[in-house]
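For this note's numbering, count along the sequence shown from 1 and bump the result up by 810. Note that the Cβ used here is the ideal one computed from N, Cα and C, for glycine as well.
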Amino acid sequence: MLEPKRRQDGDRVILPLNPQSKCPCGSGKAAIGCCVTERGFRKPPEVTSPPPPVTGIGQPGCYAASTLNCGGGLSREHYLSKALLEYLNMNGDLKVGGMPWLDAGALRPVAPNALAARVLCRRHNEALSRLDSIAVKFFRALGHIEHTRPQKRTCFLRCGHDLERWLLKLLCGVTASMDMIGDASVDSSLPGSWPSILFGTSDFDSMQGLYMCIEKGYSSTKPGGVCIQPITGRGRITGMGCWFDGFEVVLSMYGLRDRRLDGRGFAYRPLEIYELGEDYERSVFFSWDGPADLGTISLTPKRAS
Ligand SMILES: [Zn+2]
Ligand SMILES: [Zn+2]
């Protein structure tokens, strides 16, 4: 077993990191001039509001029209960028469920070209363009392929709110395109607060946001597979689920008050996913500005204790 370098002191996690070494956020800069603050690491969220000035235009057909900051006319775009879809689908096993063109409950493999719709104006779409590359970074950090090589220690820092907004982008895209198609079984009206949160004019409420299943191993896909599916409850769309490499990540816009979903335990905005294998150690840290459960989701194999 590899000797762990990371220590835990109460709810603090201590890493033997040289401030001059590269920042775990992946910027390539020294940690001291990047995400290190007096109170620990902080990775600020990506800007998702369109550049000033505000246009005052509400483009019909753009789901963010209520923010009166549209421009450039409607554009047909992927809810997920093509590059991200291709990354997620690198094994050809990306599955998507609950989408407008699927039967209820169906889960099907999807081609990268399928997830496109005319639901945003060009200006709003461009404002979100960075989120997809951030999502690719997130999946790379969680993925087993690159980071569990023998004698390898890895540490990643990601802004949790970027991941939340990426899932919210998906959620809004799916909800808005369902609205176009008019599925009568689900209330597909888009709450006005969602575009405001997505485009950074307001924040997530105290229960809204990212939840992560604390029971590693639950997966509706085979190892390596990816599944993306809107979550519905009481006849309305409540969030977006993403299953990847045994991880279950859920964006809930109504909150999981008891931290449970379908009988499984969840943590609201965890601080860290930590894994100590036979000969590797890795930490994926999330930076949060708002309320959060924090804590570590430990994937340490049972026999290690
Ligand atoms: Zn950094
Ligand atoms: Zn717009």
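CB contact flag (Ser1097, Glu1082, <7 Å): On the sequence shown, residue 1097 is found 287 positions in, with the first residue counted as 1. On the sequence shown, residue 1082 is found 272 positions in, with the first residue counted as 1. Not closer than 7 Å, so no.
Can we count Ser1093 as close to ligand 1, meaning its CB is less than 6 Å from some heavy atom? Residue 1093 sits at position 283 when you count from the first residue of the sequence shown. Ser1093 Cβ: outside cutoff for every heavy atom of ligand 1.
By how many angstroms is the C-alpha of Leu825 removed from the C-alpha of Arg817? Position 7 of the sequence shown, counted from the first residue, corresponds to residue 817. Position 15 of the sequence shown, counted from the first residue, corresponds to residue 825. Cα to Cα, Arg817 sits roughly 6 Å from Leu825.
Quick one: give me the first and last residue of the alpha helix (DSSP H) that Trp1004 is part of. Translated into positions along the sequence shown, residue 1004 becomes position 194. Annotation: the continuous alpha helix (DSSP H) that includes Trp1004 extends over Ser1003 to Leu1008.
Can we count Ala771 as close to ligand 2, meaning its CB is less than 6 Å from some heavy atom? Outside the displayed range of the chain (811 to 1115) lies residue 771, so it cannot be described from this structure.
Given 6 Å as the limit, tell me if Ser1003 has its C-beta closer than that to any heavy atom belonging to ligand 1. Within the sequence shown, the letter at position 193 stands for residue 1003. Ser1003: no, Cβ never under 6 Å from ligand 1.
Tell me whether Asn828 is buried or exposed, calling it buried when 16 or more other Cβ atoms sit within 10 Å of its Cβ. As a working mapping, residue 828 is identified with position 18 in the sequence shown. Asn828 comes out exposed.
How about Cys931: is its Cβ closer than 6 Å to a heavy atom in ligand 2? To locate residue 931, count along the sequence shown from 1; it is residue 121. For ligand 2, at least one heavy atom lies less than 6 Å from the Cβ of Cys931.
State yes or no: is the C-beta of Cys845 nearer than 6 Å to some heavy atom of ligand 1? As a working mapping, residue 845 is identified with position 35 in the sequence shown. Taking the Cβ of Cys845 as the reference point, at least one heavy atom of ligand 1 falls within a distance shorter than 6 Å.
In whole angstroms, what is the alpha-carbon distance linking Thr759 and Ala841? This structure does not reach residue 759, given that the chain is present from 811 up to 1115, and the question cannot be answered.
By DSSP, does Phe1014 sit in helix, in strand, or in coil? Residue numbering aside, residue 1014 sits at position 204 when the sequence shown is read from its first letter. If DSSP states are grouped into helix, strand and coil, Phe1014 belongs with coil.
CB contact check: Gly1065 to chain C, cutoff 7 Å: Chain labels in this structure do not include chain C; a single protein chain is all it has.
DSSP state of Ile1024 mapped onto helix, strand, coil: Along the sequence shown, read from residue 1 onward, the residue named residue 1024 stands at position 214. In the three-state reduction of the DSSP assignment, Ile1024 falls in the coil class.
Reducing DSSP to helix, strand and coil, say where Thr1031 ends up. Position 221 of the sequence shown holds residue 1031. Unreliable positioning characterises Thr1031 in this predicted model, as indicated by a pLDDT of 45, which lies under 50. The coordinate reading is nonetheless provided below. Under the three-state reduction of DSSP, Thr1031 is assigned to coil, being neither helix nor strand.
Buried or exposed (CB count within 10 angstroms, at least 16 for buried), Gln830: Reading the sequence shown from its first residue, position 20 is the one you call residue 830. By the 10 Å Cβ count, Gln830 comes out exposed.
Of the listed residues Gly970, Trp1053, Thr964 and Leu978, nearest to Leu938 (C-alpha basis): On the sequence shown, position 128 is the one that residue 938 refers to. For Leu938, the nearest C-alpha among the options comes from Leu978.
On the criterion of 16 or more Cβ atoms from any shown chain inside 10 Å, does Glu896 qualify as buried, or is it exposed? Reading the sequence shown from its first residue, position 86 is the one you call residue 896. That one is exposed.
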